[in-house]
Amino acid sequence: MNLGEILVNLWETSGLYGLFGKLDWQSAVMIGIACVLLYLGIVKQYEPLLMVGIAFGILLTNIPFGDIYHPEFWGTDIDYLKVLHDGGLVDMLYMGVKLGIYPSLIFIGVGAMTDFGPLISNPKSLILGAAAQLGIFSAFLFAIVLGFTGPQAASIGIIGGADGPTAIWLTKTLAPELLAPIAIAAYSYMALIPMIQPPFMKLLTTRKERVIKMDQTRPVSKTEKICFPIIITIVTCLIIPSVTPLLGCLMFGNLLTECGVTKRLSSTVQNELMNIVTVFLSVSVGATAVGERFLSLETIYIVILGLAAFSLSTVGGLLIGKLMCLLSRGKINPLIGSAGVSAVPMAARVSQNVGAKYNPTNFLLMHAMGPNVAGVIGSAVAAGFLLAVFGR
Amino acid sequence: MSNLTNPTFGEAALIALLGIGFVFLVLAFLMVILLISAAIFQAIERKKAAKKAAAAPAPAAPEEKKAPLAKGSCGDLKLHDVPARDAAMVMAIVADELKTPLNELRFTSIKKAESEEAK
Chain R
2 MNLGEILVNL WETSGLYGLF GKLDWQSAVM IGIACVLLYL GIVKQYEPLL
52 MVGIAFGILL TNIPFGDIYH PEFWGTDIDY LKVLHDGGLV DMLYMGVKLG
102 IYPSLIFIGV GAMTDFGPLI SNPKSLILGA AAQLGIFSAF LFAIVLGFTG
152 PQAASIGIIG GADGPTAIWL TKTLAPELLA PIAIAAYSYM ALIPMIQPPF
202 MKLLTTRKER VIKMDQTRPV SKTEKICFPI IITIVTCLII PSVTPLLGCL
252 MFGNLLTECG VTKRLSSTVQ NELMNIVTVF LSVSVGATAV GERFLSLETI
302 YIVILGLAAF SLSTVGGLLI GKLMCLLSRG KINPLIGSAG VSAVPMAARV
352 SQNVGAKYNP TNFLLMHAMG PNVAGVIGSA VAAGFLLAVF GR
Chain A
159 MSNLTNPTFG EAALIALLGI GFVFLVLAFL MVILLISAAI FQAIERKKAA
209 KKAAAAPAPA APEEKKAPLA KGSCGDLKLH DVPARDAAMV MAIVADELKT
259 PLNELRFTSI KKAESEEAK
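Note that the protein sequences, when read in sequence, are chains R and A. Per my numbering: the first sequence = residues 2 to 393. Per my numbering: the second sequence = residues 159 to 277.
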């Protein structure tokens, strides 16, 4: 037995050799980024349920010789047999992303947790939900100018929908190589909504508009709430079948809650299923952030374009909100327009907080929830459109 | 369109315009459908309510004579033989017990209960 040989072998198979012996600076930087994201998730609580998993996935995948994820397996022609035979843990989990299973399962949970009552009682909210998708298509255009391909630009644009599962669902099909930076940008900006939106809300509205008190909406019957997911699924999925996995699951989850006879299932999809899928999704998305791919100019562009997309979506919602205020002769507070981005319920809370700041007796939350849940449908429709254009 | 993978700026602008237009169109269509279905549901509800009203029994017996209202009753809250100060205290205690802010609770009436000893 040669002790020296054993020690050399031990050294050459260690991650430390990978980092320092082979001077893999990219992995070292990515481990640093993972630690920063863990700090943001744990200490600053930026979308912690996802951020902690994503950050830990980044950490795991960038440990040299960890062999937990193999980006080379996930090219254009995927050999699933090879993945099952030679893949690491994250390769197995990543199949759920690649096959579009996790975002759809998360949407079942989101649907079960969402009350569409404010939207049903005020269907005009759908227009605000549509207006707040402006950022998606503006960022798409900017991305084309910066040299991204059509499918990549579409995936970057969808960040403006402020909907993590939708962004992941579209990106895994159109531009899987950009999945990690897009998911991180989408969830980071969603956490930063209370900081991103208020300056635009103040800039684009007058004090007189901000203090508008809106009339209480009508009560919605149980029958209407049960029929809503069925009607939306039939109509929307018939128009854009490509959006069925997302919208169909969202509405299925909502039906489980509203029908009142599947309370156990509703509780499971809102809690256990949602939590399990969140763990798998976050770790596997984070693990796609392999240093040599992630550390590029493209990532910086994506971060900037994501911010532009969020901001322009807010602007789009506010401008149409102002128009609706004008047409309704001051009955609609334009601040609810910014809630058209689909970060539920954070964007609606921002509308409530800004409105209450100027008129403490003003309660905009329920009015803002209408555009907010309309935004979820709007971003899914936008994703369906982009998939129909670039996915074939 | 020549090449969707690498569209020119003009082609991309057209896709963006079509996209936002498409989203507006689909959501406006959904709005119309929701408005129509709301009208149908409300009409059904009204019919049901009218049927119930028609089938309702004869008017109920005249209401029991209520105790005179105490000083301090206002709005929806009726105080029966309870001073306003005591009522405020009761409401504060209830809010504290329920761990719910007072402005989220609705009190309709507060009535002094006769204790066993008093009887």
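Where a beta carbon is used, it is the ideal one built from N, C-alpha and C, also for glycine. It should be emphasised that the depicted structure is a prediction, and the values quoted were computed from it without experimental measurement.
Contact between Ala381 (chain R) and Leu248 (chain R) holds: CB atoms are separated by about 5 angstroms, below the 8 angstroms threshold. Listed along chain A, the residues sitting closer than 7 angstroms to Cys228 (chain R) by beta-carbon distance are Ser195. Residue environment: His368 (chain R) is assigned as buried (16 or more neighbouring CB atoms within 10 Å of its CB, all protein chains considered). Under the three-state reduction of DSSP output, Leu204 (chain R) falls in the helix class. From the listed residues R:Cys36, R:Tyr103, R:Ala383 and R:Asn334, the smallest Cα separation to Gln217 (chain R) is found for R:Asn334.
Residues of chain A with a Cβ closer than 8 angstroms to the Cβ of Ile378 (chain R) are, in chain order, Leu185 and Leu188. In the DSSP annotation of this structure, the continuous segment of the beta strand (DSSP E) that includes Lys269 (chain A) starts and ends at Ser267 to Lys269. Within the segment 158-237 of chain R, the alpha helix (DSSP H) runs of at least 4 residues that lie entirely inside it are, in chain order, 165-175, 180-192, 194-205 and 208-211. Cβ-Cβ separation between Ala29 (chain R) and Ser267 (chain R): approximately 46 angstroms, too far for a contact (criterion under 8 angstroms). Every candidate beta strand (DSSP E) stretch fails here, since none sits fully inside the segment 280-322 of chain R while reaching 3 residues. For chain A, the residues of the segment 149-163 of chain R that bring a beta carbon within less than 9 angstroms of one of its beta carbons are Thr150, Gly151, Pro152, Ala154, Ala155 and Gly158, in chain order. Contact between the segment 192-204 of chain R and the segment 295-307 of chain R is absent: fewer than 3 CB-CB pairs across the two stretches fall below 8 angstroms.
Among the residues of chain R, those whose CB is under 9 angstroms from the CB of Pro165 (chain A) are Ile145, Thr150, Gly151 and Ala154, following chain order. For Thr224 (chain R), the neighbours in chain A by C-beta distance under 7 angstroms run, in chain order, Phe199.
Annotated as proximal: Val342 (chain R) and Ser314 (chain R), with beta-carbon spacing under 8 angstroms. Annotated three-state conformation of Leu147 (chain R) is coil, per DSSP. At a Cβ-Cβ threshold of 8 angstroms, Ile69 (chain R) and Leu61 (chain R) count as neighbours. Rounded to whole angstroms, the separation of the alpha carbons of Gly338 (chain R) and Gly331 (chain R) is 14 angstroms. Close to Leu387 (chain R), with beta-carbon spacing below 9 angstroms, are these residues of chain A in chain order: Ile173 and Gly177. Closest in alpha carbon position to Gly136 (chain R), among R:Gln271, R:Ala163 and R:Gly101, is R:Ala163.
A straight line joining the alpha-carbon of Ala201 (chain A) with that of Lys264 (chain R) spans about 29 angstroms. DSSP, read as helix, strand or coil, puts Lys83 (chain R) in helix.
Close partners of Phe180 (chain A) in chain R (Cβ separation under 7 angstroms): Phe386.
Each of R:Glu273, R:Ile241 and R:Cys228 was checked against the Cα of Gly261 (chain R), and the nearest Cα belongs to R:Cys228. In this structure, R:Pro166 is the residue among R:Leu100, R:Pro166, R:Leu204 and R:Phe66 with its C-alpha nearest to the C-alpha of Ala186 (chain R). Per DSSP, reduced to three states, the secondary structure at Leu129 (chain R) is helical. In the DSSP assignment, His71 (chain R) falls outside any beta strand (DSSP E) and carries neither an H nor an E. Neighbours of Leu162 (chain A) in chain R, taken as residues whose beta carbon is under 7 angstroms from its own, are Gly151, Val390 and Phe391 in chain order. Against chain R, the beta carbon of Ile268 (chain A) has no neighbour under 8 angstroms; the closest one sits roughly 25 angstroms away. Of the residues R:Lys358, R:Ala288, R:Val284 and R:Val98, the one whose Cα lies closest to the Cα of Pro49 (chain R) is R:Val284. When DSSP states are grouped into helix, strand and coil, Arg264 (chain A) belongs to the coil group. Assignment of Asp116 (chain R) by DSSP, reduced to helix, strand and coil, places it in the coil class. The three-state secondary structure of Tyr18 (chain R), taken from DSSP, is helix. Distance from His238 (chain A) to Lys270 (chain A) at the Cβ level is roughly 7 angstroms; contact confirmed, criterion being Cβ atoms closer than 8 angstroms.
The way I'd put it, the segment 87-107 of chain R doesn't touch the segment 314-327 of chain R; fewer than three beta-carbon pairs between them come closer than 8 angstroms. The CB of Leu192 (chain A) comes closer than 7 angstroms to the CB of Ile121 and Pro124 in chain R, given here in chain order.
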